[in-house]
Amino acid sequence: MQKDSSVTVETEDANAAGVATSREILRAKSLRKVFYSGSQEIVPLGGIDLSVERGEMIAIVGPSGTGKSTLLHLLGALDTPTSGAVYFAGNSLRTLREAELAEYRNKSVGFVWQRHHLLPDFTAAENVAMPLLAGGKAAGPALSAAGDWLAEVGLGDRATQRAAELSGGEQQRVAIARALVNNPVILLADEPTGDLDERSAENIFELMQGLHRSHHLTSILATHNLQLARRTDRVLTLEHGTLTPGVEALAGAAAGGSRAAGAGAISPGERGVTRV
Ligand SMILES: Nc1ncnc2c1ncn2[C@@H]1O[C@H](COP(=O)(O)OP(=O)(O)O)[C@@H](O)[C@H]1O
Ligand SMILES: [Mg+2]
């Protein structure tokens, strides 16, 4: 094949800046986060690199306190790195203005937390509609869209029920609908099944996996549950400030995923945070 030197050749590989391949939606580059606790430095992220392609579902596992939430916060622009950068669709979040960052947080990314953070005295539909109302949408269309999303998460008949009256699993369904009501491209979920019993956890995971596929999401979830983690496209272990492919790096992880209920859970113990 002859190559015309005047033509720019599109490449799948990272460009010179190390960002923006054609399928890449999110990238963490040399991401470092340092917290200070008195005179002690805590370094949950010691300069990690991560490339996420559109449509991937990734699980981040690791013992409690290793920095999973910190990583999700940085990816979602809820916090800023000490050094390094997060790139969304090839653009460093550092270069975005405050209004653009707010738009990224509200429109491009949806968040699901371990605890649902619903407003208990508001109805399911009002909770789901909140991000739309905050974005200036009128109440009628916002509640209508919320109703559609509640139907998608299997709660079409509970729109007018107060959030406080719903079960834990149902509340998490409402939280998922709220996270997706703005049609984000990225779903960040921090221990989304952490507060649920085994059966509800399974149902919520299946719901998330179904929505991930049907809405062409890119999903990153932090979880303690190795059995669920292994059902994603890719599992990464965060420990000692570094991100490693697979779960082999986890002490005792080999026993996970087998037999008894909860066998795949990582017990919170040794915090495993790099302290320098
Ligand atoms: N705002 C903060 N200030 C000081 N230390 C923090 C802060 N947020 C998190 N940390 C510390 O950073 C480490 C990683 O926390 P986190 O990301 O919540 O871990 P994980 O989600 O894996 O349990 C922990 O040692 C935690 O105490
Ligand atoms: Mg956490």
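Residue 189 in our numbering sits at position 179 of the sequence shown, with consecutive numbering throughout.
The beta carbon of each residue, even a glycine, is placed where N, CA and C say it ideally should be.
What you are looking at is a predicted structure, and each value in this text was computed from that prediction instead of being measured.
Boundaries (first-last residue) of the alpha helix (DSSP H) holding residue i
i: threonine 80; result: 78–85
i: arginine 223; result: 208–224
i: glutamate 113; result: 108–113
i: proline 141; result: 134–144
Environment of residue i [buried if 16+ CB atoms lie within 10 Å]
i: serine 79; result: buried
i: glutamine 50; result: exposed
i: proline 73; result: buried
i: arginine 183; result: buried
i: arginine 125; result: exposed
i: threonine 90; result: exposed
i: proline 130; result: exposed
i: arginine 281; result: Confidence in arginine 281 is poor, its pLDDT being 33 and thus under 50, which makes the residue's placement unreliable; the coordinate value appears in the next sentence. With fewer than 16 other Cβ atoms within 10 Å, it is exposed.
i: aspartate 200; result: buried
i: phenylalanine 121; result: buried
i: proline 54; result: buried
i: phenylalanine 45; result: exposed
i: histidine 226; result: exposed
i: alanine 134; result: buried
i: threonine 242; result: buried
i: glutamate 108; result: exposed
Contact test: residue i Cβ vs ligand 2 heavy atom, cutoff 7 Å
i: lysine 43; result: no
i: serine 79; result: yes
i: alanine 199; result: no
i: alanine 232; result: yes
Proximity test, residue i beta-carbon vs ligand 1 heavy atom, cut-off 7 Å
i: threonine 203; result: no
i: serine 251; result: Here residue 251 is glycine; the residue named in the question, serine, does not match the sequence. Flag unset: Cβ of glycine 251 not near ligand 1.
i: proline 54; result: yes
i: threonine 76; result: yes
i: glycine 86; result: no
i: glycine 72; result: yes
i: serine 49; result: no
Limits of the unbroken beta strand (DSSP E) element including residue i
i: aspartate 59; result: 50–63
i: glutamate 34; result: 34–47
i: serine 118; result: That residue, serine 118, is in no beta strand (DSSP E); it is neither H nor E in DSSP.
i: serine 93; result: 93–98
Practice item. Quick one: which unbroken alpha helix (DSSP H) runs of 4-plus residues sit fully inside the region 229–256? Chain order, please. Key: Segments of the alpha helix (DSSP H) lying fully in the region 229–256: 236–239.
Check your understanding: Per the contact definition of three or more C-beta pairs closer than 8 Å, is the region 143–161 in contact with the region 228–242?
Key -> With the cut-off at 8 Å, the region 228–242 and the region 143–161 do not touch.
**Study point:** Touch test, the region 188–199 against the region 245–259, Cβ-Cβ under 8 Å, three pairs minimum
**Key:** Flag = no, the region 188–199 and the region 245–259 do not touch.
Review point. Which runs of the alpha helix (DSSP H) fall wholly inside the region 163–206 and span at least 4 residues, in chain order?
Key: Runs of the alpha helix (DSSP H) inside the region 163–206: 178–190.
Practice item. Check whether the region 33–49 touches the region 203–218, counting contact only when three or more Cβ pairs, one atom from each stretch, lie closer than 8 Å. Key: Touching, no.
Practice item. State whether the region 241–249 contacts the region 56–72, with contact taken as three or more CB pairs (one from each stretch) at a distance under 8 Å. Key: The region 241–249 and the region 56–72 touch, with no fewer than 3 CB-CB distances between them shorter than 8 Å.
Practice item. Evaluate the contact criterion for the region 161–176 versus the region 130–139: three or more CB pairs, one atom per stretch, below 8 Å. Key: Touching, yes, given that three or more Cβ pairs across the two stretches are closer than 8 Å.
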